[in-house]
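The structure appears right after this line, and notes come after that.
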Amino acid sequence: MLFDFANVLVFTALGLGFVGVNLLIGKLLRPSNPQERKLSTYECGEPASGSAWVNFNIRFYLVALIFIIFEVEIAFIFPVAAVFRRWIENGQGLFAFVEIMIFVGILFLGLIYAWAKGDLEWVKKVRV
Amino acid sequence: MQAYIDQLIRDGYFAGMPKEVVYAVAMVLAAFIVLSVFVAPLAGVTSWLERRVWARMQSRVGPNRVGPQGILQWLADGIKNLLKEDLIPSAADAKLFSLAPYVVFVGFLCAFVVIPFGSQLIVADLNIGILYILAVTSLVVVGILMAGWSSNNKWSLLGGMRSAAQIVSYEIPAGLSILTIVFLAGTMSMQGIIKAQGWAPWDWFLFNNPFTFAAFFLYFTAALAEGNRTPFDIPEAESELVAGYVTEYSGMRFLFFFFAEWGNLYVIGAVATTLFLGGWQVPPVTSDPILLGVLQFVVFFLKAYLWVFIAMWVRATLPRVRVDQLMALCWKYMVPLSFLCLLGTICWMLVFPKGNQIFSVAMFVLGLLIVAYFFKRVVFQIRHARPELYFKPHI
Chain E
1 MLFDFANVLV
11 FTALGLGFVG
21 VNLLIGKLLR
31 PSNPQERKLS
41 TYECGEPASG
51 SAWVNFNIRF
61 YLVALIFIIF
71 EVEIAFIFPV
81 AAVFRRWIEN
91 GQGLFAFVEI
101 MIFVGILFLG
111 LIYAWAKGDL
121 EWVKKVRV
Chain G
129 MQAYIDQLIR
139 DGYFAGMPKE
149 VVYAVAMVLA
159 AFIVLSVFVA
169 PLAGVTSWLE
179 RRVWARMQSR
189 VGPNRVGPQG
199 ILQWLADGIK
209 NLLKEDLIPS
219 AADAKLFSLA
229 PYVVFVGFLC
239 AFVVIPFGSQ
249 LIVADLNIGI
259 LYILAVTSLV
269 VVGILMAGWS
279 SNNKWSLLGG
289 MRSAAQIVSY
299 EIPAGLSILT
309 IVFLAGTMSM
319 QGIIKAQGWA
329 PWDWFLFNNP
339 FTFAAFFLYF
349 TAALAEGNRT
359 PFDIPEAESE
369 LVAGYVTEYS
379 GMRFLFFFFA
389 EWGNLYVIGA
399 VATTLFLGGW
409 QVPPVTSDPI
419 LLGVLQFVVF
429 FLKAYLWVFI
439 AMWVRATLPR
449 VRVDQLMALC
459 WKYMVPLSFL
469 CLLGTICWML
479 VFPKGNQIFS
489 VAMFVLGLLI
499 VAYFFKRVVF
509 QIRHARPELY
519 FKPHI
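In the order they appear, the protein sequences are chains E and G.
The first sequence runs 1 to 128 under my numbering.
The second sequence runs 129 to 523 under my numbering.
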């Protein structure tokens, strides 16, 4: 088991190393002639107007929130999914099914709620 | 892999060496072989092939000068990028900016640990295989967001934010479609999932029941969106965002984002093949282990590459969707549909605990009919196209 997971570590290290070595080789070969104009931010040729680090739209935050809930749900169903077949073989399939239904149903209600509240709309209509 | 090395150690090949050292050397060697012999040429050749395929589909020629039919174009591109000046904008956050390609690349490379190319040909058959793939490929989002934010460029920021919103949204239908298969197979290990299927198409999970059939297409669509592929490539939409999150990147750093994108395309195909299309399963035609291994590899590779080709085809055919359409498609159609697939599959398992062979064969025949009709339409379209639109195959 540890052997298998050590492979992941090796792949991570090799990935980092591969990018690093390539950039290092490049550093020895490529020209480096930075100028002020070259290093300026690209904004279609105009001088950049202000920083890009500004407040961004709240809808990205909403999407992230809904995502977190569903992703956690999926992570919780994975272990159940792995043993569900054994439950059926033990004759307890229906029981497990009802439990899964309750769990998924609650979250699905959440999706319907978000939908009804209009949080799934990218362009929200503002009620005047 | 561990079993092999243990066998070699028992045979006395590494006498006098500590076991840990042998293990470590073997792991590094395996990872290096996977990266340099398989992944790097694969991503490169895919980049060339994609350009050729598009060109043909758009009545152009495409890159055909470097090597026979231009097949070495990717090497030329790599060398060119290696020699290009690497600029870090003075307004950017230099640390995050240079770290982003590492994160994206590692996120994509780590997926290759658990991709099973054959019954013996896998780096490590982790018991949480498919969950692990979901987890590490999520690293790509982090990298893209880092690139977008650190560039301090409005195009990059918009591209990075859109990409993050898109990838995390489509992770839900993809995860739910994968879950249907975990339910059916009763295991998360990639080899276990393949072994739960058979070599015959009607033993594949794709034709197991109507819900997995739908789940496959949901998975493929969601995976395309996660890989930032057209029709879901608004994060780098060149017509509105210059180059999205890679606007400020140049040279090798720029290259690594696309290296990961083209490599990811193969990961998508490989995961789809493993989960739905029976993976490396081949009919029992030979008992020679080496021949069998080669056959399994070829079958797996072709099945996975078919989906890479279809992704290219889709990219050449479909226009880009708008950002609000993209989010609506995910949350209002694909998420409820994939919930339906999940519950449908569970019900099917309760009704037919051993599966329904007759139904699977019928599904398979239906699938064949759909493909046949599709090709009939394609042939019809080609015959009726204007002759001057034909490409000349020998340029």
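Yeah, the Cβ is synthetic: ideal placement off N, Cα and C, and Gly gets one too.
Keep in mind that this is a model prediction, so the values were computed, not measured.
In terms of Cα proximity to Gly320 (chain G), the closest of G:Cys458, G:Ala328, G:Lys482 and G:Thr402 is G:Thr402.
Annotation: the continuous alpha helix (DSSP H) that includes Lys223 (chain G) extends over Ala222 to Leu237.
Contact between the segment 329 to 339 of chain G and the segment 473 to 485 of chain G is established, with three or more Cβ pairs separated by less than 8 Å. Pairing Val395 (chain G) with Ala239 (chain G) gives a Cβ-Cβ distance under 9 Å. Interface flag for Cys469 (chain G) against chain E is unset, since no Cβ pair is found closer than 9 Å. The Cβ of Pro481 (chain G) sits closer than 9 Å to at least one Cβ of chain E. Taking 9 Å as the Cβ-Cβ cut-off, the segment 147 to 159 of chain G approaches chain E at Tyr151, Ala152, Met155, Val156, Ala158 and Ala159, given in chain order. The three-state secondary structure of Lys504 (chain G), taken from DSSP, is helix. Counting only the Cα atoms, Ser466 (chain G) lies some 7 Å from Leu346 (chain G).
For Val463 (chain G), the residues of chain E that pass the 7 Å Cβ criterion are Leu111, in the order they occur in the chain.
Proximity of chain G to Pro31 (chain E) at the Cβ level (cut-off 9 Å) is accounted for by Leu211, Lys212 and Glu213, in chain order.
Not a single CB atom of chain G sits nearer than 9 Å to the CB of Pro47 (chain E). Tyr260 (chain G): member of the alpha helix (DSSP H) spanning Gly257 to Thr265, first to last residue. Interface criterion met: the Cβ of Lys282 (chain G) is under 9 Å from a Cβ in chain E. For the set G:Ala500, G:Lys460, G:Pro412 and G:Val479, the Cα lying nearest the Cα of Tyr113 (chain E) is the one of G:Lys460. Two segments are said to touch when three or more pairs of C-beta atoms, one from each, lie closer than 8 Å; by this definition the segment 296 to 308 of chain G touches the segment 343 to 361 of chain G. Along the segment 321 to 354 of chain G, the alpha helix (DSSP H) occurs as fully enclosed runs of 4 or more residues at 338 to 354, listed in sequence order.
At the C-beta level, Trp408 (chain G) and Gly246 (chain G) come within 9 Å of one another. Each residue's CA atom was taken as its position, placing Ala96 (chain E) and Val463 (chain G) some 22 Å apart. By the 16-neighbour rule on beta-carbons within 10 angstroms, Met145 (chain G) is exposed. Distances from the CA of Asn392 (chain G) to each of G:Val232, G:Phe360, G:Ile322 and G:Trp441 were compared; the closest alpha carbon is that of G:Val232.
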